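Colleague:
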Amino acid sequence: MKNLKLLNKKYLSFILFCLFFGFTAQSQEPIDIWNIEEKKATENLDTIENTEEKNVTQNSIYKMQSQKDNQINIEEDQALASNTIKIVGLYDPAENGLNINMWSNSNGEQILNIFKRINKMNLSKDASEILDILLLTNAHYPKINISKDQFLELKSNWLIKNSNLQLIENYLIRNQIINDHPKLTKLLVNDYLSRSKIKKACEIFSNIKGLIQDDYLSKFNIYCLINNNKKEEAQLLLDLKKEVGFDNKFYENKINFLMGYSNEPDVEISENTILDFHLSHRTNPQFKFEPKDSTSKQIWKYLSTSNLLDSTKDIEITDIDKINLIEKATHEKHYEEKELFELYKRFQFNINQLLNIKESTKVLSAVESRALIYQGILITTEIESKLLLINALKNSFKNEGMENAFDGELRAFLKEIEKEEVPSNFTSFYNNYIDLDKTELTSIKINNKVLHQSKLINYFKGGVSLKNITKDLNDSLKKVKKNKKYFFSKKDIILVETFKSDGIQVSKKFKDLYEIKESEIPSDIQIFINTSDMAAAMLRIVEIIGQDEIKDIDDDTLYFIISTLNQLDVDPLRNKILLKVLPLKV
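Going by my numbering, the sequence shown opens with residue 1, and the numbers climb by one from there.
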């Protein structure tokens, strides 16, 4: 062990050792690429009358509720007395109409079951936003049939799946919960490192108060200290780690080289972690690495952002396996599309192959077929033939799970074709891909001929007094009643019911304008509402929205979603949803 100035005094060494020791005691089927029509996978979510009811009946929930409430109150009083309650999050509950105790009545078994189903979905942007708000709002942890660690694991798993890195960073740093969420912290620093943003990765550690408990993160922190020229502090932490049993020769050899204890470059390369791989690169001036199909995406990204990938100009077109690897890397955006297609241009095909592309691809490898089709697109002028080739090339990439390799170039080809020139059998294909980069229209247009699109919706933006909206609503309903041809839609009902939920008085003479059913809310959600289990009810809303955007949800489903939010008094979040689905957009 090296002698250090900081270790000259035995008492200081002993104190630091004790301090550190205390903290560390813890197969796709092939498709016909020439087929114009795309197969669409549909997922139907059962919106559910009896999902949770199978496990917990309404009577049993009501019977147990008083006992659970007493248990929660006792535990909270004890925690408050000992100052151990820590509420973590990013959002104030009032910001979205939520409650600091929204998880207090939640049954952990039900929460885990709902999350299990949600995790199988590819949530839409709208559903993801609601789940972010629900999980990152400052609130007490649930305590019934679920531990704190289990609940934190749910949060970590969702944030990792959603991969909103800025959100993760804000959550970790603001709440100083690095040691509570090591998986989140690893995701964050590894992502920065894979993009060769070493300074950004190390800044995460500069925001950490106290010693880091996770072994991988502590190694990363030691490297960052060296990188920031704090070598004595780095050596101290490494020595203390070794005192409690740390033994990693690969890591120590790399650190010794960076500390200047060894002048010989260490040429050993490890792909075990992105940190190991970076250290392999950093400590070898002659570093050279040939990625394989099994190489992780993070290392591919690191090679790309560090300019360590082979240039496509140096690749032989006879090396089909290497080109296929580049195709996959292009799909992951480690290579630019133009680099791959410049490679395709170098293939040599005879005139017969170029004139009979469909037949020629039957005897060529997949890579050669894609190169031939691409060259065919470049030389074909007839619109229908060009579209047939473009479609075939897209299908070929999709068939091997590399759809993103032909993305920007696809749109560039389609933009060269006027919409009026597209044959009817290619209209769907053309519209599907030409609009990929189209921005969403969000400006609201008032249409006073339709109740739910009228100026009444300005109420949900805020700033409209109850007195004014009450008069405007009743005046509008009066006009509707006089108009015998007016159809009172489900969205009109949603509008009126929401106003009534907010205490706005509707004249009794208008109650016959529409018929209200007793309840359209699924029984399990109604039970959550009745038992003041706000979080579970909101989770079910997320599950029901699922992979759909709010604007695409049918009116019946929208009705019970808004009815649920009305009963829960989650008005700010409800208003945001209504402004997405009620007005005209231009």
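Glycine residues also receive a C-beta, built at the ideal position from the N, C-alpha and C atoms.
Every value quoted in this text rests on a predicted model; they were computed, and no experiment measured them.
Take the Cβ of E416 as the centre, count every other Cβ of all protein chains shown within 10 Å, and call the residue buried at 16 or more, exposed below.
Modeller: Per the 10 Å Cβ criterion, exposed.
Colleague: Is S385 near A366, with beta carbons less than 8 Å apart?
Modeller: Contact flag unset, no.
Colleague: Got a sec, what are the start and stop residues for the alpha helix (DSSP H) M534 sits in?
Modeller: Segment 534-545, the alpha helix (DSSP H) holding M534.
Colleague: Short check: CB of S465 to CB of T305, under 8 Å?
Modeller: Taking 8 Å as the Cβ cut-off, S465 and T305 do not qualify as a contacting pair.
Colleague: Could you name the residues that DSSP lists as bridge partners for I320?
Modeller: DSSP, once it has assigned bridges, lists no residue as partnering I320.
Colleague: Select from D548, Q526, I144 the residue whose C-alpha is nearest the C-alpha of M538.
Modeller: Comparing Cα-Cα distances from M538 to each of D548, Q526, I144, the minimum goes to Q526.
Colleague: Measuring straight from C-alpha to C-alpha, what distance separates L477 and K455?
Modeller: Straight-line Cα distance between these residues: approximately 13 Å.
Colleague: Tell me the rounded alpha-carbon separation between I100 and A536.
Modeller: Each residue's Cα considered, the two are about 14 Å apart.
Colleague: Quick one: grab the DSSP three-state call for Y302.
Modeller: Note: Y302 maps to helix in three-state DSSP.
Colleague: Kindly indicate the opening and closing residues of the alpha helix (DSSP H) around T557.
Modeller: Its alpha helix (DSSP H) spans residues 555-568.
Colleague: Of all the alpha helix (DSSP H) runs that stay within the bounds of the segment 348-392, which reach a length of 4 or more residues?
Modeller: If we require 4 residues or more, the alpha helix (DSSP H) runs fully inside the segment 348-392 come out as 351-355, 357-360, 366-379.
Colleague: From the DSSP output, which residues share a beta bridge with L584?
Modeller: DSSP lists K445 as partners of L584.
Colleague: Out of N122, T137, F115, which has the shortest C-alpha to C-alpha gap to G89?
Modeller: Ranking N122, T137, F115 by Cα distance to G89 puts T137 first.
Colleague: From Q176 to E400, what does the alpha carbon distance come to, in whole angstroms?
Modeller: Q176 and E400: Cα-Cα distance of roughly 43 Å.
Colleague: Do R346 and I317 have their CB atoms nearer than 8 Å?
Modeller: It is a contact, given that the beta carbons lie within the stated cut-off.
Colleague: Would you kindly work out how many angstroms separate the C-alpha atoms of K471 and R540, rounded to a whole number?
Modeller: So the two alpha carbons sit approximately 36 Å from each other.
Colleague: I'd like the list of long-range same chain contacts for D214, defined as Cβ closer than 6 Å, with 5 residues on each side in sequence excluded.
Modeller: Result list for D214: P182, in chain order.
Colleague: Would the beta-carbon of H278 fall within 8 Å of that of L217?
Modeller: Cβ atoms of H278 and L217: not closer than 8 Å.
Colleague: Looking at the secondary structure, which residues open and close the alpha helix (DSSP H) in which G408 lies?
Modeller: From DSSP, the alpha helix (DSSP H) with G408 extends over 408-415.
Colleague: Would DSSP call T295 helix, strand or coil?
Modeller: Residue state, collapsed to three classes: coil.
Colleague: According to DSSP, which residues form a beta bridge with I144?
Modeller: BP columns for I144 point to N107.
Colleague: How many Å lie between N425 and G503 at the Cα?
Modeller: Roughly 54 Å between the two C-alpha positions.
Colleague: What residue range does the alpha helix (DSSP H) around I527 cover?
Modeller: Counting along the chain, the alpha helix (DSSP H) containing I527 begins and ends at 523-530.
Colleague: May I ask which residues mark the beginning and end of the alpha helix (DSSP H) holding T273?
Modeller: First-last for T273: undefined, no H or E at that position.
Colleague: Please state whether DSSP places Y261 in a helix, a strand or coil.
Modeller: Here Y261 sits in coil by DSSP.
Colleague: Around the Cβ of R574, are there at least 16 other Cβ atoms within 10 angstroms (buried) or fewer (exposed)?
Modeller: Its Cβ being crowded by 16 or more others within 10 Å, R574 is buried.
Colleague: Identify whether Y335 lies in helix, strand or coil by the three-state DSSP scheme.
Modeller: Here Y335 sits in coil by DSSP.
Colleague: Drop a sphere of 10 angstroms on the beta-carbon of T381, count the other beta-carbons inside from all chains shown, and report buried for 16 or more, exposed for fewer.
Modeller: Flag for T381 reads exposed.
Colleague: Any heavy atom of the ligand MN closer than 7 Å to the Cβ of K419?
Modeller: Absence of the ligand MN from the depicted structure is noted, as is the absence of any ligand whatsoever, leaving it without description.
Colleague: Rank K199, Y223, N179 by C-alpha distance to the C-alpha of M259 and give the top, closest one.
Modeller: If we check each option's Cα against that of M259, Y223 comes out closest.
Colleague: Can you name, in chain order, every residue of its own chain whose Cβ lies under 6 Å from the Cβ of N118, other than the five neighbours on each side?
Modeller: The identity of residue 118 in the sequence shown is Ile, whereas the question assumes Asn. Answer for I118: E543, listed in chain order.
Colleague: Considering only the alpha carbon of each residue, which of F289, Y344, S296, K301 lies closest to T312?
Modeller: It is Y344 whose Cα lies nearest to the Cα of T312.
Colleague: Indicate whether V570 and N272 have their beta-carbon atoms separated by less than 8 Å.
Modeller: No.
Colleague: What residues match up with Y486 in a beta bridge as DSSP calls it?
Modeller: Paired residues: none, contrary to the question.
Colleague: Can you tell me the Cα-Cα spacing of E359 and F349, whole angstroms?
Modeller: Distance between the alpha carbons of E359 and F349 is about 13 Å.
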